[in-house]
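Only one structure is covered here, and it is reproduced in the block below.
There are 2 protein chains.
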Amino acid sequence: MTSSKQQILVAAAACFMEQGFHTTTIDDVARRLGATKGRIYHHYPAKIDLFFDVHREGMARLFRAVEPAMQAPGDGLTVLAAMLHAHALALMDNYDFESVVVQGVQLHRFGALTPAQRQVLDELIASRDQFESLFKQQAEAARRDGSMAELDVSVAVKTMLGALQWSLIWYRPEADAGPSSRAALAAAMVRTLINGLQRRS
Amino acid sequence: MTSSKQQILVAAAACFMEQGFHTTTIDDVARRLGATKGRIYHHYPAKIDLFFDVHREGMARLFRAVEPAMQAPGDGLTVLAAMLHAHALALMDNYDFESVVVQGVQLHRFGALTPAQRQVLDELIASRDQFESLFKQQAEAARRDGSMAELDVSVAVKTMLGALQWSLIWYRPEADAGPSSRAALAAAMVRTLINGLQRRS
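Chains as they are written, first to last, in the numbering used here: chain A, 2 to 202; chain B, 2 to 202.
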């Protein structure tokens, strides 16, 4: 991706995050970028194409964050914990983009889309399923090697991913105290999920 | 609340859930109800007032589900688990209404609202905070009596409520196999949160 396109995506992600898809205009994105509308239209014929590319970049950033964690040393659960930590951190580090991914899920449900747009969004949603399956496979490996409890893998994965992803609803980047506070928050969430609420004797 | 109003809310919740706030019309609600638009306008001057009342009813149903669980016998964690189970079940049992509550949170962020509307929505969001604080207080009690692990209570509560609430994103009522399958799903989610992913030795 060219750096010009990348700059447009960053500005667009910020606008969509703050105002939502429906009220954001190409003008807003141009203004934030300090560029002409022409520069954006050169790459994106319509607002929804821009939105899709932000969504696509948001998913790509999640994969890029989690895939290296899959190579972590240790038993199945240790690797799963590293993946969850990387995911939690990526959600906060890329807050604008990942908030747009959630909006994309809503758009998928409610949006009046053309067949071509529906197909693009279907592919983006399929990429979410693929992302979830990375965690499912790892959870299955962790059950096999005995490091994970005997839980329903599908429900457990949905529960833990939901726990992290809901942070997009309550996390406030403007109150953020920097990378180390994000890492501490990610660690606290993952510890809660790994250890459980019940005190271990 | 009169039964006429209650019927309107049930129809409106279904419409808002299926189509989202922006594309739902009073006509849609009237059609679903098999009633005239006049009957709805008699109670609700505008679509947003109807939306607010669905949101309000959604929050009321969560409180009504969780409050009895606060009286469950047992140590602090047992009560907390009962509250989580009641919450998980209420989210599924009242899927239409609770999906609208999530839409309300988005509207709070993105919606162009009048000051009077903003005030109503502020009150509804405050009621969410109050709901969360029921769980915080119980988690603190569970830490005090030693049944809960030494976790950051605020992060732990946000993590576990998020885990359950994200089910509004993936749960599909049309694939639902009835009350007993909902109860089993709620139990599996709560077990994941209470026991944690790590196998207990």
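Ideal Cβ positions, reconstructed from N, Cα and C, are used throughout, including at glycine.
As the structure is a prediction and not an experimental result, all values here were calculated from the model.
Show which residues of chain A have a CB atom less than 9 angstroms away from the CB atom of residue i.
i	result
B:A113	T24
Measuring CA to CA, which of the options is closest to residue i?
i	options	result
A:F132	A:R65, A:D94, A:K38, A:E19	A:R65
A:A176	A:D153, A:A188, A:A117, A:M93	A:M93
A:A188	A:L85, A:R129, A:G105, A:V156	A:L85
A:R192	A:Q72, A:A83, A:A13	A:A83
A:H44	A:I9, A:A14, A:L34	A:I9
B:V67	B:K48, B:L90, B:I49	B:L90
B:R145	B:G105, B:L81, B:S100	B:L81
A:Q166	A:L114, A:P46, A:L51, A:N95	A:N95
A:Y42	A:K6, A:P69, A:L63	A:K6
A:A15	A:T3, A:R33, A:H23, A:T24	A:R33
A:R101	A:T3, A:H23, A:T115	Here the sequence assigns Val to residue 101 of chain A, which means Arg is not the residue at that position. That would be A:H23, whose Cα lies nearest to the Cα of A:V101.
B:D97	B:I27, B:L63, B:G39	B:L63
A:L152	B:A185, B:Q72, B:L169	B:A185
A:V11	A:A150, A:L135, A:F52, A:Q120	A:F52
A:P174	A:E99, A:S134, A:T115, A:M149	A:E99
B:S168	B:L135, B:A73, B:M190, B:D29	B:M190
B:R129	A:W171, A:D54, A:V156	A:W171
B:V156	B:R40, B:P46, B:S134	B:S134
B:S4	B:R40, B:D28, B:A47, B:D29	B:R40
A:V121	A:D29, A:A73, A:D54, A:I27	A:D54
B:A47	B:A73, B:A150, B:T115	B:T115
Can you name the start and end residues of the alpha helix (DSSP H) that residue i belongs to?
i	result
B:P46	Element bounds for B:P46: n/a, residue is neither H nor E.
B:M161	154-166
A:M84	77-94
B:D123	116-145
A:A150	Neither: A:A150 is in no alpha helix (DSSP H) and is coded neither H nor E.
A:Q7	4-24
A:L194	180-196
A:D28	27-34
Quick one: list the residues of chain B neighbouring residue i, beta-carbon separation under 7 angstroms, in chain order.
i	result
A:A138	Reading the sequence as shown, one finds Gln at residue 138 of chain A and not Ala. In chain order: nothing, as chain B lies at least about 15 angstroms away.
A:G147	R200
A:A157	T193, L198
A:D153	A189
A:L125	Those within 7 angstroms of A:L125 in chain B number zero; the least Cβ separation is about 15 angstroms.
A:L51	Within 7 angstroms Cβ-Cβ: nothing; A:L51 doesn't reach chain B, min ~17 angstroms.
A:T3	In chain order: nothing, as chain B lies at least about 30 angstroms away.
Please indicate yes or no: does the CB of residue i lie closer than 7 angstroms to some heavy atom of the ligand NAP?
i	result
B:L108	By its list of ligands, the structure shown contains no ligand whatsoever, and the ligand NAP lies outside what it can speak to.
Can you list the residues of chain A that residue i reaches, using a CB-CB cut of under 8 angstroms?
i	result
B:L34	Per Cβ cutoff of 8 angstroms: no residues; B:L34 is ~21 angstroms from chain A at best.
B:L186	V156
B:V106	I170
B:L135	Near B:L135 there are no residues of chain A at all, since even the closest Cβ is about 15 angstroms away, more than 8 angstroms.
How would you list, in chain order, the residues of chain A whose beta-carbon sits under 7 angstroms from the beta-carbon of residue i?
i	result
B:S168	G163
B:L78	L198, Q199
Residues of chain B with CB under 9 angstroms from residue i, in chain order?
i	result
A:L81	L198
If I'm right that residue i touches residue j with Cβ under 8 angstroms, what's the distance once you round it to whole angstroms?
i	j	result
A:I49	A:Q118	6 angstroms
A:A70	A:A87	4 angstroms
B:A31	B:T37	6 angstroms
A:A164	B:A164	4 angstroms
Mind pulling the chain B residues with CB within less than 8 angstroms of residue i?
i	result
A:T37	Here the premise fails: no neighbours, minimum Cβ distance about 26 angstroms.
A:A150	N196, G197, L198, Q199, R200, R201
(request) Tell me, please, whether the segment 131-150 of chain A touches the segment 65-82 of chain A by the rule of three or more beta-carbon pairs shorter than 8 angstroms. (result) In short, these stretches touch, since the Cβ pair count reaches three.
(request) Spell out a yes or no on whether the segment 186-199 of chain A and the segment 188-199 of chain B are touching, meaning 3 or more CB-CB pairs, one atom from each, closer than 8 angstroms. (result) yes
(request) Kindly confirm or deny that the segment 151-166 of chain B and the segment 53-71 of chain B touch, where touching means at least three C-beta pairs closer than 8 angstroms. (result) no
(message) Does the contact criterion of 3 or more C-beta pairs under 8 angstroms hold for the segment 164-182 of chain A versus the segment 15-27 of chain B?
(response) no
(message) For the pair the segment 121-131 of chain B and the segment 98-109 of chain B, tell me if three or more CB-CB distances fall below 8 angstroms.
(response) yes
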